[in-house]
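For the record, the sequence lines run as chains A and B. With the numbering used here, the residue at position 122 of the first sequence is 122, and numbering never jumps. Take any residue in the second sequence, note its place counting from 1, add 1000, and you have its number in the numbering used here. See below for the structure under consideration.
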Amino acid sequence: MPFGLIKYGLSSRYPVIRKFPARPELKPRYDVVIIGAGGHGLATAYYLAKHHNITNVAVVDKGYVGGGNTARNTAIIRSNYLTPDGVKFYDASLRLFKDLSHELDFNIMYSERGHLTLAHTDAALRTSRWRAEVNKHLGIDSEVVSPEEIARIEPTLNLSPNVRYPILGALHHRPGAIARHDAVAWGYAMGAAERGVEIHPDTEVTDILVEGGAATGVETTRGTVRCGCVVQAVAGSSSLVAGMAGFKLPIRSMPLQACVSQPLKPFLDTIVVSGSLHVYISQSSRGELVMGGATDPYQLYSTRSTLDFTEGLMGHVLELFPFLGNVRVMRQWAGIADMTPDFAPIMGESPVRNYYLDAGWGTWGFKATPACGTYMADMVATGRTPDMIAPFALERFQRFDQFGERGAASVGH
Amino acid sequence: MVGPNRLPSLPDDWLDRECIIPFSFEGKGYQGFAGDTIASALAANGVWVLSRSFKYHRPRGVLTMAGEDTNALVQLDGEPNVPADRRLIEPGLRIQGQNCIGSLKRDWASLLGYFGRFLPPGFYYKAFFKPRGAFAFWEPIIRRMAGLGQIDLHAPHDYHDKAYGFSDVAVVGGGPAGMAAALEAAKAGAEVILIEDGRQLGGSLNFGRYGTDRAAAVNLRHELVATVEASPNITVFTDAVCQALFADNWLPVIQGNRLHKIRTTSVIIATGALEQHIIFRNNDLPGIMMGSAAQRLIHLYGVRPGKRAVIATTNSSGYGVCLDLIENGVEVVAIIDLRDDPPDCPLSSTARAKNIRVISGHTIVEAKARMGNRHVSSIAIARGQGPHQETDPVQRLDCDLVCMCGGYVPAAGLLRHAGADIAYDEETAAFVVTPLIDPIHAAGAVNGVSGLEALTADGRHAGWQAARDGGFEVDARPARPTTDPAGTRPVLLPVTPHPKGKDFVDYDEDLQACDIVNTVADGYTNVELLKRYSTVGMGPSQGRHSALPTVRLAAGALGCSLDDIGLTTARPPVGPITFAQLAGRQFEPVRRTAMHHRHLEKGATMMLAGPWLRPAFYGPEADKETCIREETIAVRNNVGIIDVSTLGGLEVRGSDAAEFMNRIYTFSYTKQLDGRGRYVLMTDETGAIVDDGIAARFHERHFYVTATTGAVDAVYRNMLWHNAQWQLDVDITNVTAAYCGINIAGPNARAVLSPLCEDVDLSVEAFPYMAATEGMVAGIPARILRVGFVGELGYELHAPANCGEALWDALLEAGRDHDIRPFGVEAQRVLRLEKGHIIIGQDTDGLTHPFEAGMGWAIGKKKKDFLGKRAIEIRKKRGTTRQLVGFTLTDGKELPPAEGHIVVRGPDIVGHVTSAASSHTLGKVVGLAYVAPDQQEPGTRLTIKAEGGRIIDAEVVALPFYDPENKRQEL
């Protein structure tokens, strides 16, 4: 019996040891307003308070805490990206994730499973090799493995050559992990609130106040709030909120769907991803298979589910794991992915002064949560763009100076 | 009789008592009747424990008998989580209990129940991570304890398929309201599909009690079923579960191994209501079930659910259950009516007249099982209920069956998929579905209606509306039923938290009343957070029974109204649906070219190229290197042919054809002569290369354009998309599948081809490099293009696909004396690399712009505009950050690097190898790589870092490697 649970068993009344923050009254002024109480917004607030002692901060959200894409993603963490800038950033994030349970004193159930990106074509194998070499050069554990090695790493995979898309090899990334996504948001929320940050769920921003080219506050459904600066962290609604501030983003918002199976006893340890088959699959610690695929092929702000998503996905899942035919889907859902042209995020300054952007997180936002929070907080606190996130600036699109992650991102969550 | 608990035959039960079926459970043999479910057959044999619960491993048994709970999930060979109360027994079926360590009877993990106090809601967030690294120790233990069924890694993949259905009106639910609705819509002339999840139509009429005797329900069922069956425009699906209501009335309906996908003009949801449980200590003991489950056991399966029963009810339906029990030989010890002053109704009067003891204003506080026995043996009751509950039992009653009649909530999953809301009605203390927008209608119990007449009237009304939606002529609108006279609604809070717990709110997740209250105390007050933190409603039954008490407990703890709490989002599917049912027979065909079998006859090793299969080389995998080398030698020194049918073919016709080509491709086409081909390069808005090919102009208004195998569909889409804006006078057609393509290349190509051409002069004067024409080749009409991808004299022939084999055979026959040889994709890759030609997608990535790839020559300098022009100009001005160059290795004995190996300079990665091969023709390793812009001059030394850190020295050389004067392709 772990020590942390003993007091629950021995107390006569239920001991509330740490309370999830309740919503306070909205003040008329804060130093910083963060729009979006998802993982990114809460992490930014947490690090602002912890690293910079900036605590007069309000995190506002139109819904409940961690209820947007934080609640909807499939919680895969990895750093085997293709560009050196991408690798460095996501590696910093992965390292922070590894220690996050201790940092937040809340078990986010970080589970290192190993991550296999399957290659079914020689083109995919070439990209895998490129990624592996870039990764290794930068000290990331990443290796191209043959079907024989795959059989050892994940013996349940169907490696038969007599299928529609035979597996020719894979990129194996041992540090690939999953975590409990909700716990990440809750841990940051509690940590931030304990340091004085206010969290305001059900407080929708309806307008951004811009005076003389600088952000000065936000209108919300609970009143006007003035502030020194605004951070926008609203994955899925980035273009809409930026529109309130008066500028456009090079983002197309598409639904990204996922589903889970009924709980099963553990059989799948590895996180398996196939770009050609548009599948990613892992088994959660509850025993559910968590599965997803590519984004829907059109732009939409609705988080409706569709039948053709599960039909297509299951056809491909069964090609990889033919023995799962009698397993049942329990629930399907969708989030909205803000896709940038180069499949890399936008972090940093915006055309409006004192208005900082954390957007364009497409299908890869969750794994960036701690690093993004850290560097966004640094930026807000110092007013300077940290080197680590400088390559992700919005203005790169004006220069057509795009990030080279496109090759590595397709269904790579 | 099969089994000690089997009742005498009833006229309407679902059993075939002539047919006895043997099966086994937990290794022990039993018998049941045909028509028995696993759960009913075991119950008949006195076996009530079906599974062990998720967290505390408590024994669980029948709860709903309707496939709606997790308690009844069992393990079959190769199939986990099978609902035992829906799946029929089959001869020899082997069944096991789930989630037990040891056996279902003796599960040592049930000791966890004693530690319940140490496992508060979200306990795993609060512990298991100290000291650092501890979670790696705990996680495998937690994982092993979690999960339910076991996967069989060798389970066979059964046949599943799909069917499409179309109707004017689809009715989901074949109960009284659903049947009445179907009949009303059919009467107006609509084509109706009626979907019933049970084995036969009737819904609650099959087992429910709507009057003092069951005859009213039975008679109505016979009448409705007979009329439905006599209606030619009603198609009935039984044993069919509608899993979701997707946008535009798209219904996935599972029936056996078939997924019906039904598109319908309007929908009527008549899915009924779900009976709710009552919450008291040990309310999960086997023998404690829903009142409706006991009725199903009796009337559908002829099983006596117990000998001595106690009924706990919050509404009049408990009295109906009582009558069913006593009529079938079950002694009813008492009805515990939770209401202080229950109103009289015909059912309760009849029960009282039979001297049934009714204890009102009381509730069950605890159920107990005898030591060593896993079945309920007694209950304790106390005065009051809810917040006024007294904790000291006033009385104990012995029983082996407890029927819980905690009221009904609408089975509104499908309606909620369509955007309906569920609101709490303070007046009736019930959850009601808010009205929907046409053409989605609700009818019957899901609509809050009860009583036979009201149900059918509500059905008729919905049927009328649905027919009207579909444009059918309808009579006067039928009256809607008035309010329910029977008073079957719950008026109480059937939750009795017990100081010692084990009062289960959510059976799936083993959540007790205190877990919900403590979750709220921990601050997770939003209902979505409450669900995610406590996991209430996250199990296989998806909150069917836990949602209402959760909301009530949370509202109580927070002192707010139920509507303030609300419900979590309902997500598809409403019931379990297997992967195989969704997948069906997946239709993802491999495309084969017209000459496919000729390649196989030649022993080709095939490879995937986009959706196609292409010959990689001609010979077995073991001889790969030799085959590729010999094929390249044949092309360089003699003549070879390659199947290029997979190349995309696009017709661009119309008076604006040249203008369209000018805008969509980077080169200039207005001055291209008829009968000439020209290179095409396509970029996107960001200036990145997306495709290339050849445009042959056969007429002022007609271009025939090739595209790469993998990109043609995207290119075609891109063309249509842009012309939708440009509105140029062109027709664009994708003719990829209409043509086969053969490239004949090598110094002897003309000698082989000329004799086959009756009407085309192939001489260099008449048909020079990049000429294009249409003519007859071996009697087959063909488009002939003189191209040079591999760097030799070559012709590309595009002919109707059905002539592919004939043309292939004719070329091989004509080339026999020249020792012609077919070559595959691998040899072609080497040949084009020697010639320095890039492959889009291999030597370019998603961001490569033309100047980086050395393709600046392919950009029309004088054009006003083309797709990507602005971006290319901006990027050109800023200077490139990398450059594609040719390289060769300094050490002639070094093995070639692999594609993807990186080019480094000091600690920096400056590029990577995109193509590399050992060239037999050139006698050295050649390749293409991205390097830093200042490294592009020939002679620059490069460092390539290969697998395992191997460093390869290379040198930049000018392109092409082979025949730099282009003499050979212009022969």
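Beta carbons: idealized from backbone N, C-alpha and C, even for Gly.
> In three-state terms, what does DSSP make of R1592 of chain B?
Replying inline: coil
>> Please state the DSSP three-state secondary structure of V1527 of chain B.
In response: helix
> By DSSP, does F1135 of chain B sit in helix, in strand, or in coil?
Replying inline: helix
> Between the beta-carbon of T1888 of chain B and the beta-carbon of E1955 of chain B, is there less than 8 Å?
Replying inline: yes
> DSSP three-state call for H1160 of chain B: helix, strand or coil?
Replying inline: coil
> For a contact meaning CB atoms closer than 8 Å, what does V1590 of chain B contact in chain A?
Replying inline: R164
> Could you check where the beta strand (DSSP E) with A381 of chain A kicks off and where it finishes?
Replying inline: No beta strand (DSSP E) holds A381 of chain A; the alpha helix (DSSP H) holding it covers 369 to 382.
>> With distance defined between alpha-carbon atoms, name the residue in B:A1146, B:G1892, B:E1852 nearest to Q1935 of chain B.
In response: B:E1852
>> Per the DSSP calculation, M1289 of chain B is bridged to which residue(s)?
In response: B:C1403
>> Assess contact between the segment 1783 to 1791 of chain B and the segment 1600 to 1617 of chain B, defined as three or more Cβ pairs (one per stretch) separated by less than 8 Å. Is contact present?
In response: no
> For A1695 of chain B versus V1825 of chain B, is the C-beta distance shorter than 8 Å?
Replying inline: no
>> Check this for me: beta carbons of A258 of chain A and T74 of chain A, under 8 Å apart or not?
In response: yes
> Applying a beta-carbon distance threshold of less than 7 Å, which residues of chain B neighbour W333 of chain A?
Replying inline: R1571
> Residues in its own chain within less than 6 Å of G41 of chain A by CB, not counting five upstream and five downstream?
Replying inline: I34, V59, A233
>> Nearest by alpha-carbon distance to T1890 of chain B: which of B:T1848, B:L1942, B:G1911, B:L1928 is it?
In response: B:L1942
> So, is P88 of chain A buried or exposed, given that buried needs 16 or more other C-beta atoms within 10 angstroms?
Replying inline: The residue you asked about is not Pro; residue 88 of chain A is Lys in the sequence shown. K88 of chain A comes out buried.
> Whose C-alpha, out of B:A1583, B:T1709, B:T1632, is nearest the C-alpha of H989 of chain B?
Replying inline: Residue coverage of chain B in this structure runs from 1001 to 1971, which leaves residue 989 of chain B outside it and unanswerable.
> Does the Cβ-Cβ distance between I1335 of chain B and A1353 of chain B come in under 8 Å?
Replying inline: no
> Could you check where the alpha helix (DSSP H) with K1924 of chain B kicks off and where it finishes?
Replying inline: No alpha helix (DSSP H) holds K1924 of chain B; the beta strand (DSSP E) holding it covers 1924 to 1931.
> Three or more C-beta pairs closer than 8 Å, one from the segment 1141 to 1152 of chain B and one from the segment 19 to 38 of chain A: is that the case here?
Replying inline: no
>> Could you tell me the alpha carbon to alpha carbon distance between R1663 of chain B and H1699 of chain B, rounded to whole angstroms?
In response: 19 Å
>> Cβ closer than 7 Å: which chain B residues qualify as neighbours of R72 of chain A?
In response: Within 7 Å Cβ-Cβ: nothing; R72 of chain A doesn't reach chain B, min ~11 Å.
> Is the distance from the Cβ of D85 of chain A to the Cβ of L1847 of chain B below 8 Å?
Replying inline: no
>> By the DSSP assignment, the alpha helix (DSSP H) with N1518 of chain B in it spans what residues?
In response: 1513 to 1521
> For V197 of chain A, does the three-state DSSP call read helix, strand or coil?
Replying inline: coil
>> Give me the DSSP bridge partner(s) of L357 of chain A.
In response: A:Q232, A:G348
> Would the beta-carbon of V1730 of chain B fall within 8 Å of that of D1674 of chain B?
Replying inline: no
> What residues from the segment 1339 to 1359 of chain B come within 7 Å of chain A, judged by C-beta to C-beta, listed N to C?
Replying inline: none
> Quick one: what's V279 of chain A bridged to in DSSP?
Replying inline: A:S274
>> Within the continuous beta strand (DSSP E) that includes N1282 of chain B, where are the two ends?
In response: Counting along the chain, N1282 of chain B falls outside any beta strand (DSSP E), and DSSP gives it neither H nor E.
> Who are the neighbours of R1117 of chain B on chain A, taking C-beta pairs under 7 Å?
Replying inline: Y8, G9
> Would you say N158 of chain A reaches chain B, if we count a Cβ-Cβ gap shorter than 8 Å as a contact?
Replying inline: no
> Hey, would you say E1774 of chain B sits closer than 8 Å to R1786 of chain B, going by beta carbons?
Replying inline: no
>> At a cut-off of 7 Å, would you count S1919 of chain B as near the ligand GTP, judging by its Cβ distance to the nearest heavy atom?
In response: As for the ligand GTP, it is missing from this structure, which has no ligand bound.
>> On the DSSP letters alone, give me the boundaries of the alpha helix (DSSP H) that G217 of chain A sits inside.
In response: From DSSP, G217 of chain A is part of no alpha helix (DSSP H) but of the beta strand (DSSP E) over 214 to 220.
> For chain B, is any of its Cβ atoms less than 8 Å away from the one on V352 of chain A?
Replying inline: no
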